[in-house]
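Report on the following structure.
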DNA sequence: ACCTGAACACCGTTCAAGT
DNA sequence: ACCTGAACACCGTTCAAGT
């Protein structure tokens, strides 16, 4: 503001000095500093030392730039997740794979914002991860599952990972934006009179429904455990049985009895 | 625009003609028409036939208004989810409860946007749903689970429901915003040469990782099934056993072997 | 005490130029 | 062919009034 008087006008950039790659690079740099949500075209212009409108020659809409960023994000994500070392058994492989996906998204929020939140598992994303997915599913088939069982299993793992990651991310976003403010309602009290069980659980440090490590592992275990049972059953040449309490949970794609909700 | 010449100036509103409740009502009406993301203060002013700035007398920031809306959303959500009729067994009760939560969010996207996406399972939300949660957990304890097992079970259900709902919602949002546009990359081809299994699965109509009915029910089944096993084991007074392949998946809160990720 | 318009800083985007 | 500033419509928010 004090500099306003000596306002230095940035010299005009030369002709070939700007290109899409550099713009995307800069966009990622900036997003890492201010988060994807706060990334604006004017800011990006300043960051690149370019007139704002110059960016629009390469990307006609901000959306186009974000799409380009998403492509890059998918590539990066693939390099993080790809080298999933084959463990001794399929189970440990799949578990590690799931954990790798999760921790990659958690430690690189921009990837999460672009891939999961902004473009929400778009067909485009599915295509880019196809080779990965193929490999995992091949592993499961080799371990003894039918193709359908393998797809179901991996779908369940993906849904679980993506869900837990996105919820965690949304929670973090929300938390940082309301920190400093009056926190919207200071402290919550779980009264032991009306809700004794919750109060007791709270005292023991149990946390209901949070997308944390414990709940993540719990859900993952449930999926893997069932898969193991499927494999064991098929190995025993019983098409499907379930030792205890598998009656109502057929892995088959049948018209469900009372499935609700649209689509 | 043709009316610009005859520009009619809205008469000044009387004194008591505006109040927080009406503003929130109007905000919900408007959000239902244009979605929460497109809800703006100027639009809301017009919708209420009020000067924009008048709203700021009752809500000093847009965020405050959204918080008030969230409180209302939580109340509404509770009325939708509350009358969950006790089914014959705990299992059917919990399954229905999960489905009700999901379909409520899916048919009322604004509730999802406010409760799950914007304020992401805030402590505040947890407090409002406390009585509900208490009841469900009490049911599970009565069915034979320990408190810890009950909390774990319900946590898993909540994480599953919230994750599936949010992913679905994000997908829908993304889809409607890119419809009309060139769809960012026309059609995806899953080549049978590089990914034969996926191609075969695709031909059979299998869909990997989508938060749809099938994958939702699959994950839900995995959780309920394990819960049933826990109950059966405890009924047989074996502290925990697991007929087949429960070895690595202890329901206990132990220091996990190689748990990754922060927090 | 409540309601209001003018005004500000910011955003995404368009357009008519400059080189 | 590439880069640019002025300008527009929109947003959230503040402020100095009006009643």
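Residue numbers (my numbering), protein chains in the order written: chain A, 33 to 295; chain B, 33 to 295. Idealized CB from N, CA, C, for every residue including glycine. Just so you know, these numbers come straight off a predicted model, no measurement behind them.
The C-beta of residue 195 of chain A has 16 or more other C-beta atoms within 10 Å across all chains shown, which makes the residue buried. Straight-line measurement puts the Cα of residue 94 of chain A at about 37 Å from the Cα of residue 41 of chain B. Residue 154 of chain A has a beta carbon lying within less than 8 Å of a beta carbon in chain B. When 9 Å is used as the limit between beta carbons, residue 41 of chain A is near no residue of chain B, the shortest such separation being about 34 Å. Note on geometry: alpha-carbon atoms of residue 171 of chain A and residue 52 of chain A lie some 39 Å from one another.
A Cβ of chain A is located within less than 8 Å of the beta carbon of residue 247 of chain B.
Residue A:128 holds the alpha-carbon nearest to the alpha-carbon of residue 119 of chain A among A:112, A:111 and A:128. For the region 175–193 of chain B, the residues whose beta carbon sits under 7 Å from a beta carbon of chain A are, in order, 179, 180, 183, 184, 186, 187, 188, 190, 191 and 192. Out of A:82, A:61, A:74 and A:69, the CA that lies nearest to the CA of residue 47 of chain A is found in A:82. Annotation for residue 66 of chain B: 75 place their beta carbon closer than 8 Å to its own, counting only its chain and skipping 5 residues before and after. DSSP places residue 152 of chain A outside both helix and strand once states are collapsed to three, so it counts as coil. Comparing alpha carbon positions, the residue from A:57, A:56 and A:71 closest to residue 63 of chain A is A:71. Not a single C-beta of chain A is nearer than 8 Å to the C-beta of residue 46 of chain B. The contact set of residue 58 of chain A on chain B, defined by CB atoms closer than 9 Å, is empty, because the minimum CB distance reaches about 22 Å. DSSP, read as helix, strand or coil, puts residue 183 of chain B in helix. Measuring C-alpha to C-alpha distances from residue 122 of chain A to each of A:166, A:176, A:112 and A:151 identifies A:176 as the nearest. According to the DSSP assignment, residue 253 of chain B belongs to the alpha helix (DSSP H) that extends over 245–267.
For a Cβ distance threshold of 8 Å, nothing in chain B lies close to residue 224 of chain A: the least Cβ distance comes to about 11 Å.
The alpha-carbon separation between residue 227 of chain A and residue 179 of chain B amounts to approximately 13 Å. Around residue 160 of chain B, the same chain offers 106 and 110 as residues with beta carbons nearer than 7 Å, after the five sequence neighbours per side are excluded. Look at the beta carbons and you see the region 223–239 of chain A not touching the region 162–170 of chain A: under three pairs across the two are nearer than 8 Å. The alpha-carbon of residue 167 of chain B is positioned some 47 Å away from that of residue 60 of chain A. In its chain, beyond the 5 residues on either side, 182, 183 and 186 have a beta carbon closer than 7 Å to the beta carbon of residue 169 of chain B.
In terms of Cβ geometry, residue 197 of chain B and residue 131 of chain B do not form a close pair [threshold 8 Å].
The beta carbon of residue 157 of chain A lies closer than 7 Å to those of 106, 147 and 151 in the same chain, with the five residues before and after it left out. When rounded, the separation of the alpha-carbon atoms in residue 97 of chain B and residue 206 of chain A is 16 Å. For the pair residue 190 of chain B and residue 241 of chain A, the Cα-to-Cα distance works out to about 5 Å. The three-state reading of DSSP puts residue 70 of chain A in helix, counting H, G and I together. Per DSSP, reduced to three states, the secondary structure at residue 56 of chain A is helical. Contact annotation: residue 138 of chain B and residue 200 of chain B have beta-carbon atoms nearer than 8 Å. In terms of Cβ geometry, residue 243 of chain A and residue 203 of chain A form a close pair [threshold 8 Å]. A direct Cα-Cα distance of roughly 15 Å separates residue 269 of chain A from residue 259 of chain A. Neighbours of residue 171 of chain B in chain A, taken as residues whose beta carbon is under 8 Å from its own, are absent, since the nearest beta carbon is some 10 Å off.
Listed along chain B, no residue sits closer than 9 Å to residue 85 of chain A by beta-carbon distance, the nearest being about 21 Å off. DSSP places residue 91 of chain B in no alpha helix (DSSP H); its state is neither H nor E.
Within chain A, the residues 162, 165, 166 and 169 have their CB atoms less than 8 Å from the CB of residue 230 of chain B, given in chain order.
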